[in-house]
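Following: one structure in structure tokens, then a few remarks.
2 protein chains.
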Amino acid sequence: MDERITEHAETLVDWSARIEAGDDIVIDVAPGAHDLAVAVAAELGERGANLVTTYASDEIDRAYLRAHDDEFDADPAHERALYENADVVLSLGGGRNTSAMADVPGHIRTAYATAREGIREARMDTDWVSTVHPTRALAQQAGMSHEAYIDFVYDAVLRDWEALAEEMRGLKALLDDGSEVRIVGEGTDITMSIESRTAVNSTASVADDSHNLPSGEVFTAPHGTEGEITFDVPMTIRGRRVRDVRLTFNDGAVVDYDAAGNVDVVGELLDTDDGARRLGELGIGMNRGIDRPTDSILFDEKMHGTVHLALGRAYDACLPDGETGNDSAVHVDLITDMGEDSRLEIDGDVIQRSGLFRWEEGFRA
Amino acid sequence: MDERITEHAETLVDWSARIEAGDDIVIDVAPGAHDLAVAVAAELGERGANLVTTYASDEIDRAYLRAHDDEFDADPAHERALYENADVVLSLGGGRNTSAMADVPGHIRTAYATAREGIREARMDTDWVSTVHPTRALAQQAGMSHEAYIDFVYDAVLRDWEALAEEMRGLKALLDDGSEVRIVGEGTDITMSIESRTAVNSTASVADDSHNLPSGEVFTAPHGTEGEITFDVPMTIRGRRVRDVRLTFNDGAVVDYDAAGNVDVVGELLDTDDGARRLGELGIGMNRGIDRPTDSILFDEKMHGTVHLALGRAYDACLPDGETGNDSAVHVDLITDMGEDSRLEIDGDVIQRSGLFRWEEGFRA
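Respectively, the protein sequence lines represent chains A and B. The first sequence begins at 36 in our numbering and counts up one residue at a time. The second sequence begins at 36 in our numbering and counts up one residue at a time.
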């Protein structure tokens with residue numbers, strides 16, 4: 036077995052989930068993630084944690100949902116009880132076909148998700164962490180060979196997380212002290228207020244309330260956005276590929292949009308509700324192991340040298356106590372590459388230029 | 036997909052587990068049983084039952100147990116809560132290597148099982164059913180090609196269960212009315228009392244308190260066994276092959292034993308405790324779809340034309356109210372083929388001769 040599978044498991048159990056003896060753990064294993072599950076089980080056994088293994092098969096879900104009508108019992112007791120009594124849920128993704136659910140009607144998915152809101156909350160109340168095992172299906176989604184994709188995933192996951200967390204603390208301090216962010220680049224000149232907002236260090240550890248492995252981004256909740264931005268990193272939104280999405284903001288809301296192909300998807304997204312036309316997140320990617328987009332938001336939004344903005348819901352952690360931020364049924368990240376001649380400013384100070392932070396070697400002020 | 040997978044799923048859900056809308060179901064899926072799980076999920080969706088899928092991987096269990104010391108937390112809360120809140124547990128067996136757990140030390144397995152007694156009980160308190168999907172590993176265990184084994188499994192599972200249940204009711208009536216059973220064959224002449232004992236129809240349905248699919252046996256709890264018997268169907272006991280086990284009984288207890296190879300396994304078994312030298316079960320196989328032994332007790336003990344006796348623990352259902360039967364830490368079935376010139380008598384009446392019941396065509400009185 037590739038030694039990196041064991042290192043991945045150790046990182047997940049120790050750095051990300053902080054698991055200790057006696058913790059009640061659920062590992063939720065996609066069919067392609069079997070080898071990672073075996074490695075994680077060994078780590079959990081060694082630490083004296085208690086293990087329940089669930090099976091996250093899209094093919095089983097598809098069969099169940101397609102056969103079901105659109106009326107589901109609310110929060111079935113056995114599943115709710117499992118998560119209410121769990122300390123940690125480790126989601127080990129990596130299916131065998133990323134399109135396995137493509138023919139499940141949307142109204143059934145929505146009804147199922149809605150009926151399970153309590154289970155979702157119980158799961159989110161645990162020290163949950165999501166990660167993926169590098170399967171062939173994910174390699175295909177990324178347009179990469181399996182071997183190259185395996186290297187890519189481990190470069191992203193097996194970081195010096197302590198060192199990165201320290202670097203992120205520096206950026207968080209700048210954002211917390213700042214009032215306005217400006218992003219300038221080709222097809223982009225946009226400003227947004229971050230006044231009275233708190234940045235979150237997404238360090239891939241529940242100790243920092245960060246629940247993805249890999250992670251490596253600092254994010255906050257902007258408001259009052261003005262100007263225009265081009266998202267040049269390709270994305271899949273609602274199953275369809277979009278690229279070069281351009282948004283124009285006035286007084287915090289999108290007033291114009293365009294895209295190179297599938298522009299109607301962007302229109303549908305913006306029409307979801309009022310909050311879908313406003314930003315919920317400004318995120319700054321800091322994971323140097325992620326050197327290219329792979330059509331997976333788990334990786335893409337953390338790519339070093341990129342910035343992403345999310346239309347829709349804001350995270351409470353970024354807001355002053357008692358204040359509610361932008362609310363929406365959606366939260367869709369769009370990513371722009373901070374390449375040559377682009378820059379990120381906080382209150383007029385250039386923090387990043389041409390993809391390099393000002394504390395990095397080669398930065399030009 | 037083989038249509039028989041869907042028929043298997045329908046039989047499991049409707050005949051065996053009697054699942055209805057709103058039932059909270061756990062399906063526990065071995066890695067090789069994925070296709071059966073997909074078919075079962077579709078049946079559950081159609082009926083409006085609620086589904087949690089757990090993953091029964093021997094490789095995960097092995098990794099966990101080998102890394103763990105031999106002190107386990109008693110009945111972890113999350114797993115206990117899952118089963119305490121479940122109505123039905125469907126165990127879909129069929130691993131990819133029946134020896135996957137071979138190098139897990141016995142004292143760790145025992146400690147793990149002991150610590151989880153409450154979880155086992157919660158699981159047994161549901162309307163649980165165990166079945167298997169015909170994997171290559173099980174075909175190999177049976178010494179059969181995969182194709183032939185698939186046919187074998189579906190012949191055993193896809194029966195006219197109503198008709199078989201009716202036939203079994205007839206045999207149960209004879210056993211309930213009878214006082215003494217005698218089995219005679221090559222190397223076998225044994226009598227046992229069934230006075231005041233109640234036979235159980237194992238019809239593969241929870242409605243009859245029968246939890247295996249396939250099933251097809253009638254069993255009771257004998258006592259006062261006298262004589263000798265040869266078990267000519269080969270068995271694996273504690274991982275070792277035994278055949279032609281010969282037991283001699285006096286006043287209900289084994290006083291002499293022999294076997295063709297691995298005879299020490301039989302000795303170890305008998306030495307477990309006092310109850311291990313006495314019978315807990317007399318079972319009569321009635322499933323005509325099972326035409327050969329396949330080194331799997333789920334199938335072997337139900338083979339039509341065989342009788343099995345279990346050393347060890349008796350089932351309460353066979354005993355008069357308030358009476359405790361033979362007690363032991365073990366329950367090990369041994370099987371004898373009721374071939375040419377063998378016979379089964381109840382109070383001197385021949386019920387079965389040369390493998391044919393007296394209500395079957397070709398029976399010679």
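Ideal placement from N, C-alpha and C gives every residue a C-beta, glycine not left out. This one's a predicted model, so the numbers in the text were calculated from it and none came from an experiment.
Close partners of H113(A) in chain B (Cβ separation under 9 Å): D59, I60, V61, N85, V87, A116, L117, Y118, E119, N120, A121 and D122. Counting only the Cα atoms, A177(A) lies some 11 Å from V188(A). Per the C-alpha coordinates, the member of L333(A), L314(A), A208(A) and E94(A) positioned closest to H168(A) is L333(A).
Within its own chain, the residues whose Cβ lies closer than 7 Å to the Cβ of F107(B), once the five positions on either side in sequence are excluded, are A146, Y147 and A150, listed in chain order. Between A74(B) and I62(B), the alpha-carbon positions lie close to 12 Å from each other. Contact between the region 50 to 69 of chain B and the region 109 to 119 of chain A is present: three or more C-beta pairs spanning the two stretches fall below 8 Å. Spanning the alpha carbons of G129(B) and D138(B) requires a straight line of approximately 19 Å. Looking at the DSSP output, H258(B) shares a beta bridge with S228(B). Among the residues of chain B, none has a CB under 9 Å from the CB of P140(A); the nearest is roughly 13 Å distant. Excluding residues up to 5 positions away in sequence, V61, R158, T161 and W163 lie with their Cβ nearer than 6 Å to the Cβ of V124(A) in the same chain.
The C-beta separation of F266(B) from I386(B) comes to about 20 Å, leaving the pair out of contact by the 8 Å criterion. Runs of alpha helix (DSSP H) with 4 or more residues, each lying fully within the region 284 to 310 of chain B, are found at 298 to 305, listed in chain order.
Among the residues of chain B, none has a CB under 8 Å from the CB of V164(A); the nearest is roughly 16 Å distant. In chain A, no part has a C-beta under 8 Å from the C-beta of L47(B); the shortest such distance is about 14 Å. Look at H103(A): its C-beta is under 8 Å from a C-beta on chain B.
Spatial neighbours of R39(B) in its own chain (CB-CB distance under 6 Å, excluding positions within 5 residues in sequence) are listed in chain order as Y189.
A Cβ-Cβ contact shorter than 8 Å links L127(A) with T166(A). The beta-bridge partner set that DSSP reports for G220(A) consists of T223(A). Its chain contains P355 as the residues whose beta carbon lies nearer than 7 Å to that of S231(B), once the 5 sequence neighbours on both sides are disregarded; these appear in chain order.
Within the region 68 to 150 of chain B, the runs of beta strand (DSSP E) that reach at least 3 residues and sit entirely inside it are, in chain order, 85 to 90 and 123 to 128. Under the rule that a run must span 4 or more residues, the alpha helix (DSSP H) segments found entirely inside the region 321 to 376 of chain B read 332 to 335. Taking C-beta separations shorter than 8 Å and ignoring five residues to either side along the sequence, the partners of L305(A) in its chain run V289, Y292, A311, R312 and L346, following chain order. Excluding its 5 nearest sequence neighbours in each direction, I272(B) has C-beta neighbours in its own chain below 7 Å: V300, L304 and V367, listed in chain order. Excluding its 5 nearest sequence neighbours in each direction, A295(B) has C-beta neighbours in its own chain below 6 Å: R278 and D279, listed in chain order. Residue-level contact check: A146(B) does not touch chain A, since none of the beta carbons of chain A fall below 8 Å from its beta carbon.
Contact annotation: I229(B) and L210(B) have beta-carbon atoms nearer than 8 Å. The C-beta of V277(B) comes no closer than 8 Å to any C-beta of chain A.
Not one beta carbon of chain B lies nearer than 8 Å to the beta carbon of H43(A). Nearest neighbour of G320(B) by Cα position, chosen from G287(B), I218(B), N132(B) and S237(B), turns out to be S237(B).
Neighbours of Y90(B) in chain A, taken as residues whose beta carbon is under 7 Å from its own, are V64, T88, T89 and Y90 in chain order. In the same chain as D70(B), and ignoring 5 residues on each side of it, the C-beta atoms closer than 7 Å to its own belong to M36, I40 and H168, in chain order. Taking C-beta separations shorter than 6 Å and ignoring five residues to either side along the sequence, the partners of N85(A) in its chain run D59, following chain order. At a C-beta separation below 7 Å, L79(B) has these neighbours in chain A: Y99. If you draw a straight line from the Cα of V192(B) to the Cα of L47(B), it comes to about 9 Å. Around N361(B), the same chain offers A256, H258, G310, R313, L314, G315, G347, R348 and A349 as residues with beta carbons nearer than 8 Å, after the five sequence neighbours per side are excluded. For A172(A), no CB of chain B lies under 8 Å from its own CB, so it is not counted at the interface with that chain.
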